[in-house]
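If you're matching positions, the sequence shown starts at 0 in numbering that gives the first Met the number 0 and goes up one per residue.
Notes to accompany the following structure.
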Amino acid sequence: MSELQRLRADHGAAVLAFELANRAYFAASISDRGDAYFEQFAERHRAMLAQQEAGTDAYYVLVAEDGSILGRFNLFLVGDATANVGYRVAQHVAGRGVATATVRELCRLAAVDHGLRTLRAAASHDNAASRKVLSKAGFVPVGPAAPADLGGKPGTWYQLALRPHSGRRAGGTTAGG
Numbered sequence: 000m001s002e003l004q005r006l007r008a009d010h011g012a013a014v015l016a017f018e019l020a021n022r023a024y025f026a027a028s029i030s031d032r033g034d035a036y037f038e039q040f041a042e043r044h045r046a047m048l049a050q051q052e053a054g055t056d057a058y059y060v061l062v063a064e065d066g067s068i069l070g071r072f073n074l075f076l077v078g079d080a081t082a083n084v085g086y087r088v089a090q091h092v093a094g095r096g097v098a099t100a101t102v103r104e105l106c107r108l109a110a111v112d113h114g115l116r117t118l119r120a121a122a123s124h125d126n127a128a129s130r131k132v133l134s135k136a137g138f139v140p141v142g143p144a145a146p147a148d149l150g151g152k153p154g155t156w157y158q159l160a161l162r163p164h165s166g167r168r169a170g171g172t173t174a175g176g
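Below you can see the structure in the form of structure tokens.
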């Protein structure tokens with residue numbers, strides 16, 4: 000069983016291993032992060048933790064029983080109780096419903112833990128898997144995404160209106176996979 004956890008400092012090595020192991024797989028459907036990303040990963044990881052601590056973004060990782068990372072799921076807060084969603088899952092779990100189940104859990108956390116009302120996500124036209132995940136999670140297409148929104152690729156913006164939740168929860172949650 001895997002667990003969706005808020006990104007922590009001790010996740011750094013496992014996240015880097017995940018990114019390196021899946022780099023070619025990710026580059027087939029989204030823009031490659033480039034060598035500088037990996038060379039400066041420790042600094043980027045610390046910056047993400049600082050952004051999370053400041054409340055400007057929220058980062059989650061899907062952790063396998065062995066401690067390896069199966070996916071990354073992010074909320075980039077843009078204001079007015081709205082966030083943009085980003086996610087990626089490891090190639091060896093792709094196509095098994097892991098991304099869909101975890102995006103659904105992220106949506107729940109967005110409402111419960113972060114008080115968000117609207118989520119948006121962009122998917123390129125050539126990323127059929129991501130478009131399918133978003134649709135299964137309840138997102139609907141709302142308009143074109145410019146190539147600048149997707150690392151040079153044209154696509155579509157999707158949106159999901161969240162139901163308000165009362166109360167906040169703490170701790171990790173179990174996600175499918």
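Here a beta-carbon is modelled for each residue, glycine too, at the ideal position from N, C-alpha and C.
Here the structure is a predicted model, which means the values were calculated and not measured.
* Counting Cβ pairs, one atom from each stretch, are 3 or more of them under 8 angstroms apart for the region 6 to 13 and the region 110 to 124? -> no
* To do: Compare the Cα-Cα distances from Tyr86 to each of Thr55, Glu2, Phe25 and Pro146 and report the closest residue.
  => Phe25
* Asked: Roughly how many angstroms separate the alpha carbons of Gln51 and Pro163, rounded to a whole number?
  -> The straight-line gap from Cα to Cα measures roughly 22 angstroms.
* Asked: How many Å lie between Gly171 and Gly137 at the Cα?
  -> At Gly171 the pLDDT is 39, less than 50, meaning the model places this residue with poor confidence; the figure from the coordinates comes in the next sentence. Approximately 23 angstroms between the Cα atoms of the pair.
* By a C-beta neighbour count over all protein chains shown, 10 Å radius and 16 as the cutoff for buried, is Phe72 buried or exposed? -> Buried: at least 16 other Cβ atoms inside 10 Å.
* Asked: Taking Cβ positions, are Asn83 and Arg119 nearer each other than 8 angstroms?
  -> Contact flag set, yes.
* Asked: What are the start and end residues of the alpha helix (DSSP H) that includes Gln158?
  -> Segment Gly154 to Ala160 is the beta strand (DSSP E) holding Gln158; no alpha helix (DSSP H) there.
* Asked: Of all the options Ala110, Ala147 and Leu105, which has the alpha carbon lying nearest to the alpha carbon of Ser123?
  -> With distances taken between CA atoms, Ser123 lies nearest to Ala147 out of Ala110, Ala147 and Leu105.
* Asked: So, are the CB atoms of Val132 and Thr99 less than 8 angstroms apart?
  -> yes
* Asked: Under the rule that 16 or more other beta-carbon atoms within 10 Å means buried, what is His91, buried or exposed?
  -> exposed
* Provide the residue(s) that pair with Gln51 in DSSP beta bridges, ordered along the chain. => BP columns for Gln51 are empty, so no partner.
* Own chain residues within Cβ distance below 7 angstroms of Lys135, not counting five before or after -> Residues Thr99 of the same chain have their beta carbon placed closer than 7 angstroms to that of Lys135, with the five preceding and five following residues left out of the count.
* **Host alpha helix (DSSP H) of Arg107 (start-end)** => Val97 to Val111
* To do: Please say whether Val77 and Gln4 have beta carbons closer to each other than 8 angstroms?
  => no
* Asked: Which first and last residues belong to the beta strand (DSSP E) in which Arg119 is found?
  -> Thr117 to Ser123
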